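Protein chains: 2
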Amino acid sequence: MKIGFIGVGIMGAPMAGHLLAAGHELAIYGRSKRPVALGAATFCLNSREVTEKSDTIILMLPNTPDVETALFGADGVAEGLTPGKLVVDMSSISPVATKAFAAKLADLGCDFVDAPVSGGEVGAKQATLSIMAGGGAEAFARARPLFELMGKNITHVGDAGAGQVAKIANQMIVALNIGAVAEALVFASRAGADPAKVREALMGGFATSRVLEVHGERMIARTFDPGFRIELHQKDLNNALESARQMGLALPATATGQQLFSACVAQGGAGWDHSALVRAIEVMGAHEIT
Amino acid sequence: MKIGFIGVGIMGAPMAGHLLAAGHELAIYGRSKRPVALGAATFCLNSREVTEKSDTIILMLPNTPDVETALFGADGVAEGLTPGKLVVDMSSISPVATKAFAAKLADLGCDFVDAPVSGGEVGAKQATLSIMAGGGAEAFARARPLFELMGKNITHVGDAGAGQVAKIANQMIVALNIGAVAEALVFASRAGADPAKVREALMGGFATSRVLEVHGERMIARTFDPGFRIELHQKDLNNALESARQMGLALPATATGQQLFSACVAQGGAGWDHSALVRAIEVMGAHEIT
Chain A
1 MKIGFIGVGI
11 MGAPMAGHLL
21 AAGHELAIYG
31 RSKRPVALGA
41 ATFCLNSREV
51 TEKSDTIILM
61 LPNTPDVETA
71 LFGADGVAEG
81 LTPGKLVVDM
91 SSISPVATKA
101 FAAKLADLGC
111 DFVDAPVSGG
121 EVGAKQATLS
131 IMAGGGAEAF
141 ARARPLFELM
151 GKNITHVGDA
161 GAGQVAKIAN
171 QMIVALNIGA
181 VAEALVFASR
191 AGADPAKVRE
201 ALMGGFATSR
211 VLEVHGERMI
221 ARTFDPGFRI
231 ELHQKDLNNA
241 LESARQMGLA
251 LPATATGQQL
261 FSACVAQGGA
271 GWDHSALVRA
281 IEVMGAHEIT
Chain B
1001 MKIGFIGVGI
1011 MGAPMAGHLL
1021 AAGHELAIYG
1031 RSKRPVALGA
1041 ATFCLNSREV
1051 TEKSDTIILM
1061 LPNTPDVETA
1071 LFGADGVAEG
1081 LTPGKLVVDM
1091 SSISPVATKA
1101 FAAKLADLGC
1111 DFVDAPVSGG
1121 EVGAKQATLS
1131 IMAGGGAEAF
1141 ARARPLFELM
1151 GKNITHVGDA
1161 GAGQVAKIAN
1171 QMIVALNIGA
1181 VAEALVFASR
1191 AGADPAKVRE
1201 ALMGGFATSR
1211 VLEVHGERMI
1221 ARTFDPGFRI
1231 ELHQKDLNNA
1241 LESARQMGLA
1251 LPATATGQQL
1261 FSACVAQGGA
1271 GWDHSALVRA
1281 IEVMGAHEIT
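If you read the sequences in order, they're chains A and B. Just so you know, we're using this note's numbering here: the first sequence kicks off at 1 and counts up by one. Just so you know, we're using this note's numbering here: the second sequence kicks off at 1001 and counts up by one.
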């Protein structure tokens, strides 16, 4: 199949590599240099050219404005589209904007699927990404064989935008679960208990979570190399809070979580692993987990 | 062994029943009527009399002031104690107060273990409670055989107060994980996605938690019969926030969680299951999960 791939960075390059390895004809475009591993792909001048050369166009870009520019800006995807082509946005962006993009692409006679992923760089390289997809049943069916080359846990959540909604819900829960474990372990440590023993006592009970398991351990061992960077998690929470504001929805816990990440950024922690949110609690309490 | 049991309510009565069934001689006291199932126990006039008749005295009371009164009030435990007796407080109360109680009992020549439980009424009846214990190694060793009659997952977390610290950490995480799932599912529903499908897409990934599994399902199925009542969870968070204030520790996420519970109480929800915290998010957003 003729596939276009726009955005070949840390995530996009290995994802596109899997499509190439499966024998697909690949046209790519990205602001970064042409990735060495994608030598067999055609490197295009812009998103329009990628689109002209392809039947399915995949985007993997940092945020909403990047996707909007790639789709509808000068020399963008829309200029190269002809009816019947399929656009798949695998970026993690605003679900509200995504619905608008899907509507505009439908007006051009094209199918659209939003399919953000979780699993990070490791998941992208190992083709084990979780993929949360939104879009019509036919569009999803067209995209699914490609998803299966890049990921494992593939869910069709609902109509256009539903993939982004699921991804944001995921990021909200992860951030707030990190906040929960952070406050609990700093509290325990400050009160004189051994945080490792407290974590152990809680595992298996009602407080059990993947975050308590993995990030709880990080907080105790003080290993804050990413992993998943705070600045990226802030982007996701910003999409949550901005979408919520547009819909007239209050998310007080998510808002607090975002502030705690900002307190880390104030300490120079934009590039820390998101488990380092614990440092925001520690600095406020003048107490580090010991 | 001669055991005293003070507080034979919903939790205490079945717990004391297991001790009785194991052949221990039991002296009990409580403000409620003598439980029928404890007919073979000696019902005493007050906590002093219970203590005089027993070598080990267990307390299972609602909150810090109740324990303080039972221990050190008129006709309380302290009046009946002689050196060498063991006091075990299985109530869920303040860890700061607990340390003070332990010190006063040590001055009287007595051992002390704080051993709050989780698992609720069902766990109490089935003797499957999780027990988080604080106290000296010898005191814990004395109490352990009794714990094994009442629970399954028994952890010696640390010195006196550490059991309460672990219990509070548990309750903080559970409350904040409920808040996380509540905001994520209301967001998803309001954005037009099917919350059941979103929950499904997230299970197994990094957002996985026992709360997403159990309470996420309750929020979608709208089954808010307790379970664990909001007013009880508020008591635990109050102990977290009050202890944190005494230690000079800020817990912004826990504070937000407590406010969300209060918003439920404002709607008449003190007796709802704690998963009904979702209603605080729903009422603010004028949107119920559908």
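Glycine included, every Cβ here is placed at the ideal spot set by N, Cα and C. Given the structure is predicted, the values throughout are model-derived calculations rather than measurements.
When beta bridges are read from the DSSP output, A1133/B appears opposite H1156/B. Selection A244/A, G119/A and R210/A evaluated against P14/A yields G119/A as nearest (Cα-Cα).
Contact annotation: in the stretch 128 to 158 of chain A, residues whose CB is within less than 7 Å of a CB in chain B are S130, M132, N153, T155, V157 and G158. Among the residues of the stretch 224 to 247 of chain A, those with a Cβ less than 7 Å away from any Cβ of chain B are A240, S243, A244 and M247, in the order of the chain.
The alpha carbon of A1022/B has as its nearest neighbour, out of A1137/B, E1079/B, L1146/B and I1058/B, the alpha carbon of L1146/B. With three or more CB-CB distances shorter than 8 Å, the stretch 157 to 171 of chain A counts as touching the stretch 1199 to 1207 of chain B. Taking the beta carbon of K33/A as reference, no residue of chain B falls within 9 Å; the closest one sits roughly 31 Å away. DSSP, reduced to helix, strand and coil, places R229/A within a strand of the structure shown.
Going by DSSP, V1211/B is part of no beta strand (DSSP E) but of the alpha helix (DSSP H) stretching over R1210 to A1221.
Judged by pairs of C-beta atoms under 8 Å, the stretch 1087 to 1099 of chain B touches the stretch 1055 to 1062 of chain B, as three or more such pairs exist.
Below 8 Å, too few C-beta pairs join the stretch 66 to 79 of chain A and the stretch 219 to 238 of chain A to call them touching: fewer than three.
I1168/B places its beta carbon less than 9 Å from that of A184/A.
Taking a cut-off of 8 Å on C-beta distances, the stretch 1266 to 1273 of chain B does not touch the stretch 1168 to 1180 of chain B, as fewer than three cross pairs fall below it. Within the DSSP secondary-structure output, F1005/B pairs in a beta bridge with I1028/B and I1058/B.
The beta carbon of K99/A sits closer than 7 Å to the beta carbons of A160 and G161 from its chain, once the five residues preceding and following it are set aside; these are given in chain order. Taking a Cβ-Cβ cut-off of 9 Å, H18/A has no neighbours in chain B, whose nearest Cβ is about 20 Å from it.
Within its own chain, the residues whose Cβ lies closer than 8 Å to the Cβ of P83/A, once the five positions on either side in sequence are excluded, are L108, G109 and C110, listed in chain order. Pairing L260/A with I220/A, the inter-Cα distance amounts to about 18 Å. With respect to chain B, the C-beta atom of D194/A has a partner C-beta closer than 9 Å. When beta bridges are read from the DSSP output, V1117/B appears opposite I1131/B. DSSP places L1251/B outside any beta strand (DSSP E), giving it a letter other than H or E.
Within the same chain, F224, I230, C264 and G269 come within 7 Å of A276/A by CB-CB distance, once the 5 residues on both sides are set aside. In the structure shown, L1241/B falls within a helical segment according to DSSP collapsed to helix, strand and coil. F43/A has I28/A as its beta-bridge partners, per DSSP.
Three or more beta-carbon pairs separated by less than 8 Å link the stretch 1207 to 1220 of chain B to the stretch 1184 to 1198 of chain B, which places the two stretches in contact. Distance from the CA atom of G257/A to the CA atom of D1273/B, rounded to whole angstroms, is 24 Å. For G1135/B, the closest C-alpha among the options D1066/B, F1112/B and A1188/B is that of F1112/B. One thing to note: A1040/B has its Cβ no nearer than 9 Å to the Cβ of F1005/B. Exposed is the label assigned to Q246/A, since fewer than 16 other Cβ atoms lie within 10 Å of its Cβ. Straight-line spacing of the CA atoms in A1127/B and L1019/B works out to 10 Å. Of all residues in the stretch 1111 to 1127 of chain B, only S1118 and G1119 place a beta-carbon less than 9 Å from a beta-carbon of chain A.
The C-beta distance from V186/A to H215/A rounds to 13 Å, too long to fall under 8 Å, and the pair is not in contact. Within 7 Å of the CB of M1284/B, the CB atoms of chain A belong to A250, in sequence order along the chain.
Residues of chain B whose Cβ lies closer than 7 Å to the Cβ of F261/A do not exist, since the nearest Cβ in that chain is about 12 Å away.
For F112/A, the secondary structure class from DSSP, reduced to helix, strand or coil, is strand.
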